[in-house]
Amino acid sequence: MKQEIKRVAALKRKNVDCNIMRFYEAFREQMHCYLVFEELEKTLYQLQMEHKFGKRAIRDIRTITFQILAALVKLKDMGKVHTDLKGKNIMVVNQQRQPLRVKVIDFGAW
Numbered sequence: 001m002k003q004e005i006k007r008v009a010a011l012k013r014k015n016v017d018c019n020i021m022r023f024y025e026a027f028r029e030q031m032h033c034y035l036v037f038e039e040l041e042k043t044l045y046q047l048q049m050e051h052k053f054g055k056r057a058i059r060d061i062r063t064i065t066f067q068i069l070a071a072l073v074k075l076k077d078m079g080k081v082h083t084d085l086k087g088k089n090i091m092v093v094n095q096q097r098q099p100l101r102v103k104v105i106d107f108g109a110w
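At position 62 of the sequence shown (counting the first as 1) the number is 62 in UniProt numbering, and the numbers step up by one without a gap.
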């Protein structure tokens, strides 16, 4: 847990919002440690499941791909690599908004 806190705190220090989940704070209460992040709607995987893994418009695919790549470039600039990138680690910010906005999450390992 300490390592993950260090990782997300490093992102916060860099003021990263480049399609990477925003970290607000970490705190302890009694024997528990809590991490506070921005509220995100659902995973890209869940969104695809809801659409029965059907086809998406090419413009949506481009938009999502560009945002994921922007996040990976920012991590690379920091000397980091996301080692568990998958649909369950990409969150949709607001599915009603078009074009879709996504953010990369889960920095438990890099």
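Ideal Cβ placement from N, Cα and C applies to all residues, glycine included.
Segment limits, alpha helix (DSSP H) that includes residue i
i	result
ARG68	Per the sequence presented here, residue 68 reads as Ile, with Arg not at that position. 58-77 is the extent of the alpha helix (DSSP H) around ILE68.
MET49	44-50
Cβ pair residue i, residue j closer than 8 Å
i	j	result
VAL102	ILE61	no
VAL73	ILE90	no
LEU35	MET21	no
GLN67	ASN19	yes
Residues near residue i by beta carbon distance below 7 Å, same chain, minus five either side
i	result
GLY87	THR43, LEU44, TYR45, GLN48
Environment of residue i [buried if 16+ CB atoms lie within 10 Å]
i	result
HIS82	buried
ALA71	buried
residue 131	The structure shown does not extend to residue 131, since the chain is modelled only from 1 through 110, so no value can be given for it.
Beta-carbon contacts of residue i that lie in its chain and below 8 Å, excluding the five residues immediately before and after
i	result
GLN95	GLU41, LYS42, LEU47
Under the three-state DSSP convention, the category residue i falls into
i	result
LYS88	helix
ARG7	helix
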